[in-house]
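S.K.: Sequential numbering from 1079 applies to the sequence shown in the working numbering. Cβ atoms here follow ideal geometry from the backbone N, Cα and C, with glycine treated the same way.
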Amino acid sequence: MLNIKVPLPRVHMAGSDAPSNAHLEVGQHGFALFLSPDAQYPVVDIDGTSEQLEEVVRALHTALASRRSSDAERERTGLRAVQSGKVPRTDGRVC
1079 MLNIKVPLPR VHMAGSDAPS NAHLEVGQHG FALFLSPDAQ YPVVDIDGTS
1129 EQLEEVVRAL HTALASRRSS DAERERTGLR AVQSGKVPRT DGRVC
């Protein structure tokens, strides 16, 4: 099986402001995180069975769906507050 490269958006290492041109490689071993296209070795290697790795992908999908739902709810709530003239403050109270 050939490794499949999946580009990643804006990856930063802790303590550095420099973004990396990072990608994941998916292969027989699992997932490997490379911080540059020419890196010889991955920074992180995640091994697992196909079932374990599929569970990781499902969990990520669920987390992203939840995030989209929360973002949409905040947007709706913010729009209602602006339309009513009552803008929520960061401390939860209404101005």
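#1: When we look at the beta-carbon of residue 1092 and count the other beta-carbons within 10 Å, is it buried (16 or more) or exposed?
#2: Can you tell which of 1097, 1080 and 1079 has its C-alpha closest to the C-alpha of residue 1086?
#3: Would you identify the three-state DSSP class for residue 1113, choosing helix, strand or coil?
#4: Is the separation between the beta-carbon of residue 1100 and that of residue 1080 shorter than 8 Å?
#5: Short of 6 Å in beta carbon distance, which residues of its chain neighbour residue 1110, apart from the five on each side in sequence? Order them along the chain.
M.R.: Short version:
#1: exposed
#2: 1097
#3: coil
#4: no
#5: 1103, 1120 and 1123
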